[in-house]
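Converting from the sequence shown to our numbering requires adding 13 to each position, the first position being numbered 1.
Here a beta-carbon is modelled for each residue, glycine too, at the ideal position from N, C-alpha and C.
Predicted, not measured: the structure shown is a model, and the values here were computed from it.
One structure below.
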Amino acid sequence: MNWRKVLFYTIFGLGLLVALQITLSVIAVVIGIAWTIATSLATLAVFAALFYGGFKLVSWYRDGGATGSPTDATATDQSAPEPPTRVEELKERYANGHLSEAEFERELERELDGPDVDAIDRELSRERE
């Protein structure tokens, strides 16, 4: 048996095992660092969500616990007032004395009948008056 070959293969095998151990250790360290970063980010996200929820709860409590969401309240508060309808305008003109009772009734009928009534029917009703 050649002792040189045995010694060579023994040293080569040990060197290969050491290189394999170093490579696997580096891979494990990289995976460990990535896992640490991922779990740290997940923990920060949970704490941020808890902080945000606590902040919303405190602000809701300070507002008196009003029902409805804050967006609903601001949307209704900031909406512009609706313009008066034609019927409301007629009532106001009649109340101020700008229309007589007959004019008010005629205009009110015309407004309430709307576009469903034919123009001929309106003409006939005007001629009867």
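Apart from the five residues just before and just after residue i, which ones in its own chain have a Cβ nearer than 7 Å to its Cβ?
i: Y107; result: F117
i: K18; result: none
i: T36; result: none
Please report the distance separating the alpha-carbon of residue i from that of residue j.
i: M14; j: T52; result: 56 Å
i: Y65; j: S38; result: 40 Å
i: L112; j: E102; result: 11 Å
i: E122; j: N109; result: 19 Å
i: D76; j: K69; result: 10 Å
i: P96; j: E105; result: 13 Å
i: I50; j: A62; result: 18 Å
i: F25; j: A55; result: 45 Å
i: E114; j: P94; result: 29 Å
i: A41; j: W48; result: 10 Å
i: T98; j: R119; result: 17 Å
Which residues in the same chain as residue i place their Cβ atom closer than 8 Å to its Cβ, once the five residues preceding and following it in sequence are excluded?
i: V100; result: L121, E124 and L125
Is it the case that the CB of residue i approaches a heavy atom of the ligand GDP more closely than 6 Å?
i: T52; result: This structure simply doesn't include the ligand GDP, nor any ligand for that matter.
Considering only residues of the same chain and omitting the five flanking positions on each side of residue i, which have a CB-CB separation below 6 Å?
i: A58; result: none
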